[in-house]
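Heads up: the sequence shown begins at 1 in full-length UniProt numbering, then just goes up one per residue. Heads up, the beta-carbon is just placed ideally off N, CA and C, and yes, glycines get one too. In this text, all values refer to a predicted model and were calculated from it rather than measured experimentally. In what follows, a structure is listed as structure tokens, so that the remarks can point back to it.
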Amino acid sequence: MILKTKMMSQQKAGFDYLSGYSIGALHMDTGTGKTRTMLELIHKRYHEHKIERVLWITPVSVKQNLLDDIIKHSDCTVSFYESNEDTFIKILGTETFSQSNKAYQFVLDFVEEYGQRLQLVIDEAHCFKNPNAIRVKRLMPITRKLRYKNELTGTPITQGLWDMYTQMYMLDPRILKYPTFNSFAKVFLTYSDAYPGKIDAMYEKEAFISMVKPYIFQVTKKECLDLPAKTYSDRYFYPFKDANFAYTYNKVKDLMLNKVDPFNPNGMIIFQMLTYLHRIASGDFHKVISDKWGEAHVFDYSSNERLLILKETLESINLNRNKVIIFFKYYTDLAKISDMLDTPYAEFHGALNEKEKQQEMHRFKTDATCNILVSNIQSGSVGLNLQEANYIIYYNNTFDFAKRMQGEDRIYRIGQEKNCFIIDIIADDTIDCRINAAIQQKSSLVKWVRSEMKKVKQAPAYYWPLFKDKLRRL
Numbered sequence: 001m002i003l004k005t006k007m008m009s010q011q012k013a014g015f016d017y018l019s020g021y022s023i024g025a026l027h028m029d030t031g032t033g034k035t036r037t038m039l040e041l042i043h044k045r046y047h048e049h050k051i052e053r054v055l056w057i058t059p060v061s062v063k064q065n066l067l068d069d070i071i072k073h074s075d076c077t078v079s080f081y082e083s084n085e086d087t088f089i090k091i092l093g094t095e096t097f098s099q100s101n102k103a104y105q106f107v108l109d110f111v112e113e114y115g116q117r118l119q120l121v122i123d124e125a126h127c128f129k130n131p132n133a134i135r136v137k138r139l140m141p142i143t144r145k146l147r148y149k150n151e152l153t154g155t156p157i158t159q160g161l162w163d164m165y166t167q168m169y170m171l172d173p174r175i176l177k178y179p180t181f182n183s184f185a186k187v188f189l190t191y192s193d194a195y196p197g198k199i200d201a202m203y204e205k206e207a208f209i210s211m212v213k214p215y216i217f218q219v220t221k222k223e224c225l226d227l228p229a230k231t232y233s234d235r236y237f238y239p240f241k242d243a244n245f246a247y248t249y250n251k252v253k254d255l256m257l258n259k260v261d262p263f264n265p266n267g268m269i270i271f272q273m274l275t276y277l278h279r280i281a282s283g284d285f286h287k288v289i290s291d292k293w294g295e296a297h298v299f300d301y302s303s304n305e306r307l308l309i310l311k312e313t314l315e316s317i318n319l320n321r322n323k324v325i326i327f328f329k330y331y332t333d334l335a336k337i338s339d340m341l342d343t344p345y346a347e348f349h350g351a352l353n354e355k356e357k358q359q360e361m362h363r364f365k366t367d368a369t370c371n372i373l374v375s376n377i378q379s380g381s382v383g384l385n386l387q388e389a390n391y392i393i394y395y396n397n398t399f400d401f402a403k404r405m406q407g408e409d410r411i412y413r414i415g416q417e418k419n420c421f422i423i424d425i426i427a428d429d430t431i432d433c434r435i436n437a438a439i440q441q442k443s444s445l446v447k448w449v450r451s452e453m454k455k456v457k458q459a460p461a462y463y464w465p466l467f468k469d470k471l472r473r474l
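Listed below in structure tokens is the structure:
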């Protein structure tokens with residue numbers, strides 16, 4: 001095995017930190033070179049005759065990107081699980097492992113054949129945080145049979161430190177010393193009385209961190225990369241000028257808030273309301289909503305104001321010299337954006353199969369005339385290397401701060417030589433402003449609602465009117 005590229009300083013630091021262990025996690029920000037660091041560990045173990053094969057599990061959407069990276073950095077033979085090639089590195093999609101019994105059996109057979117000489121790499125390990133997920137239930141027993149195990153992720157925590165329980169367990173159950181999530185939860189977690197299964201808080205955080213810290217190498221982009229400037233800007237429009245918008249937005253808000261029992265507020269109604277308001281602000285809302293008395297209210301709202309702002313924004317960018325990613329949240333957005341664009345563009349979203357996704361991605365990266373990629377936030381925010389682009393336009397935003405940061409990291413990473421521009425299109429005086437404010441505070445709208453609801457549960461008569469007033473101002 002030969003490595004073709006040299007490590008950067010942060011990659012060497014990660015290698016040096018974990019090279020003495022048979023296990024370990026690389027918690028390196030997106031774009032800092034986790035794959036190259038992992039290949040160095042594999043190279044060392046291979047030449048020490050400790051491993052014979054590598055099983056690399058990664059989200060399906062980034063399999064091709066991973067394969068290209070491995071070929072770029074090494075002379076390793078590598079193939080996807082779906083092929084019959086006998087290669088040193090086998091790449092298996094996380095979702096495939098979860099959904100396919102055949103893929104699961106392949107892993108069992110692979111482990112049986114190579115045992116202690118098999119290197120397991122779990123890429124985007126945060127995808128394995130839920131102890132009740134099929135993928136986790138399948139993989140946890142398998143990891144106990146292996147010696148060489150590594151995890152890679154830039155976002156190990158999206159909800160709380162407890163996200164790391166299964167990640168650490170798969171490295172070695174002895175790290176945390178709790179054989180099940182329930183036994184771990186009894187010591188470290190408290191649950192909501194109102195919502196069974198919902199975690200309210202975590203105790204003994206310092207003790208938890210001291211247990212996992214020796215097995216984690218962590219580095220942020222700010223610590224190690226000398227990247228070009230990243231500039232943020234907002235493009236506002238004012239939807240309340242439209243009487244239909246004002247009626248729809250305020251009426252839906254009133255209907256949903258009035259459905260909430262003030263003595264036992266239901267968080268699900270509030271989250272549903274937030275989604276409705278976001279869709280209205282995005283420009284499309286066609287729904288029948290029943291009020292608390294069961295009377296049906298029909299809403300049929302559509303607007304192209306946001307689309308016009310997108311068009312103006314694109315016209316201000318020199319598409320002959322820059323590539324642009326447009327992130328959208330709803331498929332109704334995709335239809336509008338596609339109809340509006342009069343220049344070649346590529347698409348990347350969940351409605352495409354993997355072959356179609358790879359074809360579209362290849363076209364965006366290599367075709368000089370295709371300088372726009374239209375992607376939904378969910379599909380395009382994880383694992384992809386899109387440094388060919390230096391503009392991101394958020395047609396609308398995500399409630400999830402981690403997804404937002406992952407999305408920005410698609411372009412702001414090693415190899416980026418141009419200044420990067422992040423542009424948000426915002427409907428003024430709407431939920432958009434609250435989402436944007438939360439992101440600027442490195443938080444999320446969801447966390448804010450959960451925090452407020454926790455106070456409401458403690459004293460509904462006092463806190464609900466206060467929280468309700470805040471929601472009315474969204």
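Delimiting residues of the beta strand (DSSP E) encompassing residue i
i    : result
I326 : 324–328
R53  : 53–58
N471 : Contrary to the premise, residue 471 reads as Leu rather than Asn in this sequence. Counting along the chain, L471 falls outside any beta strand (DSSP E), though it belongs to the alpha helix (DSSP H) covering 460–472.
T369 : Segment: none, T369 is in no beta strand (DSSP E) and carries neither H nor E.
Y236 : 230–237
V219 : 216–219
V298 : 296–302
I423 : 420–427
N244 : First-last for N244: 243–258, but that is the alpha helix (DSSP H), not the beta strand (DSSP E).
Own chain partners of residue i with C-beta closer than 8 Å, once the 5 adjacent residues on each side are dropped
i  : result
T5 : R36, K72, H73
Whole-Å CB distance - residue i paired with residue j, under 8 Å assumed
i           : j    : result
D29         : L66  : Not quite, the Cβ-Cβ distance comes to about 17 Å (not below 8 Å), so this is no contact.
I435        : I393 : Going by Cβ atoms, the distance from I435 to I393 rounds to 16 Å, so no, they are not a contact pair.
K418        : N390 : 4 Å
K357        : F348 : 6 Å
K329        : I377 : 6 Å
T58         : Y81  : Actually they do not touch by this definition, with Cβ atoms about 11 Å apart.
A25         : I199 : Not confirmed; about 22 Å, so no contact.
L118        : L146 : 6 Å
F184        : L171 : Not really, about 15 Å apart at Cβ, beyond 8 Å.
residue 475 : I426 : Absent from the structure is residue 475, since the part of the chain shown begins at 1 and ends at 474.
T343        : L373 : The pair is not a contact, with the Cβ atoms about 12 Å apart (cut-off 8 Å).
S375        : G350 : Not quite, the Cβ-Cβ distance comes to about 10 Å (not below 8 Å), so this is no contact.
Contacting residues, own chain, Cβ-Cβ under 6 Å from residue i (five flanking each side not counted)
i    : result
E85  : S79
K287 : F299
D409 : T30, G31
F263 : P460
G283 : S303, R306
G160 : M202
P131 : T166, F181
With 16 other Cβ atoms within 10 Å as the buried cut-off, status of residue i
i    : result
Y232 : exposed
P239 : buried
Y148 : buried
R174 : exposed
Y331 : exposed
E295 : exposed
V187 : exposed
H362 : exposed
D432 : buried
N101 : exposed
Y345 : buried
Y191 : exposed
Q10  : buried
T275 : exposed
Alpha helix (DSSP H) segment containing residue i, residue limits
i           : result
Y191        : Careful: Y191 lies outside any alpha helix (DSSP H), inside the beta strand (DSSP E) at 189–191.
L171        : 164–171
S98         : 94–99
Y276        : 267–282
H362        : 354–366
Q119        : Premise fails: Q119 lies in the beta strand (DSSP E), 118–123, not in any alpha helix (DSSP H).
L308        : 305–315
Y67         : Inspection of the sequence shows that residue 67 is occupied by Leu rather than by Tyr. Its alpha helix (DSSP H) spans residues 63–73.
K336        : 331–340
residue 482 : Nothing about residue 482 can be reported from this structure: the residues present for the chain run from 1 to 474 only.
I411        : Premise fails: I411 is in no alpha helix (DSSP H) and is neither H nor E.
E40         : 34–47
A13         : 9–18
Cutoff 9 Å: residue i Cβ touching any chain B Cβ
i    : result
A335 : Any reference to chain B falls outside this structure, which holds one protein chain only.
Close-in-space but distant-in-sequence residues of the same chain around residue i (CB under 7 Å, 5 per side omitted)
i    : result
I317 : V324, Y391
H126 : T153, T155, P156, T158, D163
T220 : D29
K129 : D163, T166, Q167
Contact test: residue i Cβ vs the ligand FAD heavy atom, cutoff 8 Å
i    : result
I326 : You won't find the ligand FAD in this model; it holds no ligand whatsoever.
>> Is it the case that the segment 281–300 contacts the segment 440–451, given that we only count it when at least three CB pairs across the two stretches are under 8 Å?
In response: No, they do not touch.
>> Would the segment 51–66 count as touching the segment 81–96 if we require 3 or more Cβ pairs under 8 Å?
In response: The segment 51–66, when compared against the segment 81–96, does touch it at the 8 Å Cβ threshold.
> Does the segment 361–376 come within contact of the segment 303–310, defined as at least 3 CB pairs closer than 8 Å?
Replying inline: With a cut-off of 8 Å, the segment 303–310 and the segment 361–376 do not count as touching, because too few Cβ pairs lie within range.
> Taking one C-beta from the segment 461–470 and one from the segment 203–222 each time, how about it: are there three or more such pairs within less than 8 Å?
Replying inline: These segments do not touch.
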